[in-house]
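**Q**
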Amino acid sequence: KLDKDRFRRDMGGLVEASLSNATLALLKLDHVLARATIEADRNIDAIQKKIDEMAVSMIARRQPVAEDLRAIITIERAQAHGFMNTPPDNFPMIGIYFNAAQYEKAAELLDKGLHGGLIENDPRNWELLSSALQQMQRPMKAIEALQEGAKAFPKAGQLEFLTAQQYIQLEKPEEALRHIQLAISKGNLAKPYQAYLSLSFTAYQLKKFDIALDAAKKAAEYPEGAKDGKNMEKALEEIIRDREAKKNKT
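If you use my numbering, the sequence shown closes out at 240, no skipped numbers anywhere.
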């Protein structure tokens, strides 16, 4: 039996430890710990993939395919007779395919629906399309979906932040930095403190310490980001002091 609570605790603990180690590595300028943190992050991704595989396996054992097929046939028959043809009515089939891990079909219906007006055109559906494409191991297509959604919803900062997270996974910090900054400027973020912490870490990675320091201070203004924000702020202030001291010596 899959213990969801245990997995949630374990994953949460690993992510929290990774974030704390990243901050500690920055505080102590510990390159060994930094490399270990990066490797731990890869392990977290591997565990997440394993959880996904277990979830798919559980779905398969419950034999949802026949049930899902019956549901899809029922909806299609209703639509053929002129019923359930509004955008909200078209969404259930997408949910069925997605929940059954049929991501390619879900992505196909989402793409067709969003471009053809067959489902509601809202930011969450662009996020869902991007998520389906990520599950298909198509990160650049996932980014394209998020950016198309961002054009349709220019104030949806969350779409920019999710774009940045994709670029971070692709190890493209310059692109990530630009989209995090766009996300913050647009606003409407699910968890603003995460965006500021992400901006601080990414800017630090690019040796843009002034941007990193300002972002750390902003993160510290939120209760959830206070601890890590303050730690980042302290470390960055020390780095900037050392930089200025070296300048004065030359």
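Positions of the beta carbon are idealized from the N, C-alpha and C atoms, including for glycine. Source: prediction; values computed, not measured.
Quick one: Cα of P213 to Cα of A68, how far?
**A** Each residue's alpha carbon lies about 50 Å from the other.
**Q** Mark S175 as exposed unless 16 or more other C-beta atoms lie within 10 angstroms of its C-beta, in which case mark it buried.
**A** The residue is exposed, with fewer than 16 neighbouring Cβ atoms inside 10 Å.
**Q** Assign E227 to one of three DSSP states: helix, strand, or coil.
**A** E227: helix per DSSP, three-state reduction.
**Q** Out of Q127, Q159, A135, state which residue places its alpha-carbon closest to the alpha-carbon of P113.
**A** Nearest option by C-alpha distance: A135.
**Q** From which residue to which residue does the alpha helix (DSSP H) around H169 run?
**A** Where H169 is concerned, the enclosing alpha helix (DSSP H) stretches over 163 to 176.
**Q** R103 by DSSP, collapsed to three states: which one?
**A** Here the sequence assigns Gly to residue 103, which means Arg is not the residue at that position. It is helical.
**Q** Does DSSP classify A50 as helix, strand or coil?
**A** Low confidence applies to A50: its pLDDT is 49, below 50, so where it sits in the model is not reliable, and the reading given next is rough at best. A50 falls in the helix class under three-state DSSP.
**Q** Quick one, which of A210, A180, G103, D200 has its alpha-carbon nearest T76's?
**A** Checked all of A210, A180, G103, D200; the closest Cα to T76 is G103.
**Q** Below 8 Å on the Cβ atoms is my guess for E227 versus L203; work out the distance and round it to an integer in Å.
**A** At roughly 7 Å, the Cβ-Cβ gap stays under 8 Å, so E227 and L203 are in contact.
**Q** How should D218 be labelled, buried or exposed, when 16 other C-beta atoms within 10 angstroms of its C-beta is the threshold for buried?
**A** Buried, since its Cβ has 16 or more Cβ neighbours within 10 Å.
**Q** Which same chain residues, not among the five before or five after L196, have their C-beta less than 6 Å away from its C-beta?
**A** So the list reads P163, once near-sequence residues are dropped.
**Q** Can you have a look at L118 and say buried or exposed, based on whether 16 or more other CB atoms are within 10 angstroms of its CB?
**A** Classification of L118: buried, given that the 10 Å Cβ count is 16 or more.
**Q** Using C-beta distances below 6 Å, list every residue in its chain close to S188, excluding the 5 sequence neighbours before and after it, in chain order.
**A** For S188, where only same-chain residues beyond five positions count, the Cβ hits under 6 Å are I170.
**Q** Going by C-alpha distance, which of G177, Q155, M126, E211 is nearest F191?
**A** Closest option to F191, Cα to Cα, is Q155.
**Q** Going by the CB atoms, is the gap between Q125 and Y93 shorter than 8 Å?
**A** Closer than 8 Å, so yes.
**Q** Taking the alpha-carbon positions, what's the Q148 to G215 distance?
**A** So the two alpha carbons sit approximately 18 Å from each other.
**Q** First and last residue of the alpha helix (DSSP H) that includes E138?
**A** Note, E138: alpha helix (DSSP H), 129 to 142.
**Q** Given that a residue counts as buried once 16 or more other Cβ atoms are within 10 Å of its Cβ, and exposed if not, what is A70?
**A** So A70 ends up on the exposed side.
**Q** On the criterion of 16 or more Cβ atoms from any shown chain inside 10 Å, does L152 qualify as buried, or is it exposed?
**A** Buried, since its Cβ has 16 or more Cβ neighbours within 10 Å.
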